[in-house]
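Student: There's a structure below that I have some questions on.
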Amino acid sequence: MKIKWISLAAGLFFSSSLLAAELSPGETLYLKHCSSCHGESGDGQGPRSSQLNSTPTDFTSLDGQSVLTHERLLKAIRQGRPGTAMVPWDGLLTDQEITAIADYIESAFLKTDKHLLAGRNLYIKHCAPCHGDDGNSARWTRNSLNPAPRNFTTEKARRELSRERMIGSVTRGRPGTAMMPFSSRLSAAEIESVVDYIRATFMKKNSRVAGNDSVEMKNTNNGEFDAARHLSAVGGVDMSLDFPMGLKGDFFRGRKFFMSNCFTCHGRKGNGRGPRSKFIFPKPRNFHSQESKTYLNRPALFIAIGRGKPGTVMPAWSKVLSDQQIADVAEFVFQAFIQEKGIGESAEAVDKKPGWKKKQP
């Protein structure tokens, strides 16, 4: 009997030793120090996660994959994350150990799906203004659009929306709704990627919806915009003011973006009569109105485009565009419609000019 127990103990010892030998230093450290919160599979569902005030980062999510660079991982591990349960490990672990953990997280969990990441970026740019960041329809569109945009998180959506039907809807639009066809703006591959992103992110039964229709910016105070309206009543708006931060808008780059995106609501002539406008309440702004010409100077346009207009379908484009790109769009609107200088060259000529890429989320 004694020999059997010795054999059993020896077997357990050597099994544990062999198991430890199979793990990389980074994995061993991760399992020891990180998995209790972030989970053994890196999904943020560790045994302690439910006891924390803030949800641990899910390294397997598309959001995690798109923003967690090697440098950000190292910084978070070393310095912690203020306002969360993530404590600084600098001083508790060596630089070599911290690097090993970051390397393990990258290799084990941050397996970027380029197809879905492309779909995510396209969704943010083209779909989130109506369908919301979380796929459950942006808050203001629920009462402003009739019918309201599809909520992808419902059981009804999962039951009714096949992949083929969704590709068809994005390609050809949905007659009788504000859903416009995207066949002229997105390639077939891009349409497939955005549909696959929606299905993977919002339409799974375990999809976690944060309840934050944040195509709005966190700061939705349009005080500056309202101040411009007030000053206009007493002749106080200076229409010669430049953009903030020394920005100079590019008319042609702004025109290209406007004619690819903004025209669906505001119209190609800036009169608020775009193809989607009949489904929108309140109606899109008419830039030719006397009110617009009185108080929409460059700074006011810059603020409105960047922050959006709460209570309307106008989203906060700062989530997608850089300050320079917002200035470009504002410059086009200001010159073409507010100052009535016209839209400039033909669409064919402008489309051949160098374009610009959207800001990475």
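Just remember that our numbering sits 15 ahead of the position in the sequence shown, which is counted from 1.
Even glycine gets a Cβ: it sits at the ideal position worked out from N, Cα and C.
1) Can you find the residues in the same chain that come closer than 7 angstroms, C-beta to C-beta, to I353, ignoring five residues on each side of it along the sequence?
2) Could you compute how far the alpha carbon of E97 sits from the alpha carbon of Q111?
3) In this structure, does DSSP put I182 in helix, strand or coil?
4) So A193 packs on R291, CB below 8 angstroms; how close in whole Å?
5) Only counting runs of 4 or more residues, tell me where the alpha helix (DSSP H) segments fall wholly within the region 269 to 342, in order along the chain.
6) Suppose the cutoff is 7 angstroms on Cβ atoms and the five residues either side in sequence are ignored; what does the same chain contact list for D338 look like?
7) How many Å lie between N286 and K298 at the Cα?
8) How many angstroms separate the CA atom of P330 from the CA atom of I139?
9) On the DSSP letters alone, give me the boundaries of the alpha helix (DSSP H) that L89 sits inside.
10) At the level of alpha carbons, what is the spacing between G41 and F74?
11) Taking its Cβ as the centre, do 16 or more other Cβ atoms sit within 10 Å of V230, making it buried, or is it exposed?
12) In angstroms with no decimal places, state the Cα-to-Cα distance between F347 and K219.
13) What residue range does the alpha helix (DSSP H) around R135 cover?
14) Taking 6 angstroms as the limit between beta carbons, can you name the residues of its chain near F266, skipping five residues before and five after?
15) Candidates F258, S199, G54, D257: which alpha carbon is nearest T186's?
16) Kindly indicate which residue of F258, A203, G289 has the alpha-carbon position closest to the one of M195.
17) In whole angstroms, give me the CA-to-CA distance for G357 and S275.
18) Cα-Cα, which of T168, T43, K47, L77 is closest to D58?
Tutor: So, from the data block:
1) F302, S307, K308, L311
2) The question names Glu, yet the displayed sequence has Pro at residue 97. Each residue's Cα considered, the two are about 23 angstroms apart.
3) helix
4) 5 angstroms
5) 278 to 281, 305 to 310, 313 to 322
6) M260, L262
7) 11 angstroms
8) Their Cα atoms are separated by approximately 11 angstroms.
9) 85 to 94
10) Their backbone Cα atoms lie some 15 angstroms apart in a straight line.
11) Low confidence applies to V230: its pLDDT is 31, below 50, so where it sits in the model is not reliable, and the reading given next is rough at best. Buried.
12) 41 angstroms
13) 129 to 137 is the span of the alpha helix (DSSP H), which, as asked, contains R135.
14) E346, F347, Q350
15) S199
16) G289
17) 17 angstroms
18) L77
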